[in-house]
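Quick note on full-length UniProt numbering: the sequence shown kicks off at 1 and runs consecutively. From the three backbone atoms N, C-alpha and C, an ideal C-beta is built for every residue, glycine too. As the structure is a computational prediction, the values presented were derived from the model and not from experiment. This report concerns only the one structure given below.
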Amino acid sequence: MTDRPADPGTKSPGGTRVEAQTLPTPVGPLALLSHEGVLVAAGFTADPQEMFVRLPPRLRALGLVTTGDLGHPARAVRDYLDGDLKALDEVELSQPGTPKRQRLLEALRAVPAGVTISYAELAVRAGLPRTAARAAGAACAQNLIAPFVPCHRILPSAGGFGGYYYGTPVKQWLLTHERALPQTGLL
Numbered sequence: 001m002t003d004r005p006a007d008p009g010t011k012s013p014g015g016t017r018v019e020a021q022t023l024p025t026p027v028g029p030l031a032l033l034s035h036e037g038v039l040v041a042a043g044f045t046a047d048p049q050e051m052f053v054r055l056p057p058r059l060r061a062l063g064l065v066t067t068g069d070l071g072h073p074a075r076a077v078r079d080y081l082d083g084d085l086k087a088l089d090e091v092e093l094s095q096p097g098t099p100k101r102q103r104l105l106e107a108l109r110a111v112p113a114g115v116t117i118s119y120a121e122l123a124v125r126a127g128l129p130r131t132a133a134r135a136a137g138a139a140c141a142q143n144l145i146a147p148f149v150p151c152h153r154i155l156p157s158a159g160g161f162g163g164y165y166y167g168t169p170v171k172q173w174l175l176t177h178e179r180a181l182p183q184t185g186l187l
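Structure (structure tokens):
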């Protein structure tokens, strides 16, 4: 990603403000939030403020400004929607968490489009025991950067879709778009 100069209107006393852009998708608006060129939140909502309030206090203190083009993250979403299922993988991002949570988020981001795994398998891929499936579920539930950190690709071992912050229809659409239809009987 290339650095772009900050617009003077995006400065706050504590530094560069968090920038937001909302894009249309087939399952509703997707709000993207970026700070200094790094994606810090994304979610299926028309209101970027909904994502902004979930950010760490140090970022919330900077304030939020809406922009017409976040650059690379916005292009990646458009490319993903146009069928380039690897486009979201190239976006630089950052979200808070303990070392264990970071390992889970890294393992989650490594699950390729077209593949689904269980929460227990996610734990194993993060170097944790299979019994850490609940920790994997918690990492998914608190993920601030969907679908860039693809928690929609994680399914319960017992079957079904499991939960999804933005609703099962959004999760189902994402999996269908990625040609990762889960095992027979889940749809």
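Q.
Tell me the DSSP secondary structure of V40 in three-state form.
A. strand
Q: Confirm, please, whether the CB-CB distance from A120 to R134 is below 7 Å.
A: no
(Q) Taking 6 Å as the limit between beta carbons, can you name the residues of its chain near L175, skipping five residues before and five after? (A) none
**Q.** Cross-strand partners of E19 (DSSP beta bridge)
**A.** S34 and V65
Q. Among L85, S34, F148 and G137, which has the Cα closest to the Cα of K100?
A. G137
Q: Just grab the DSSP bridge partners of L93 for me.
A: L39
Q: Provide the residue span of the alpha helix (DSSP H) that contains D79, from first to last.
A: H72 to L81
(Q) Suppose contacts are defined by Cβ-Cβ distances below 7 Å. Is F148 in contact with V91 by that definition? (A) yes
Q. Going by alpha carbons, who is nearest to A113 out of C140, K171, F161 and R153?
A. R153
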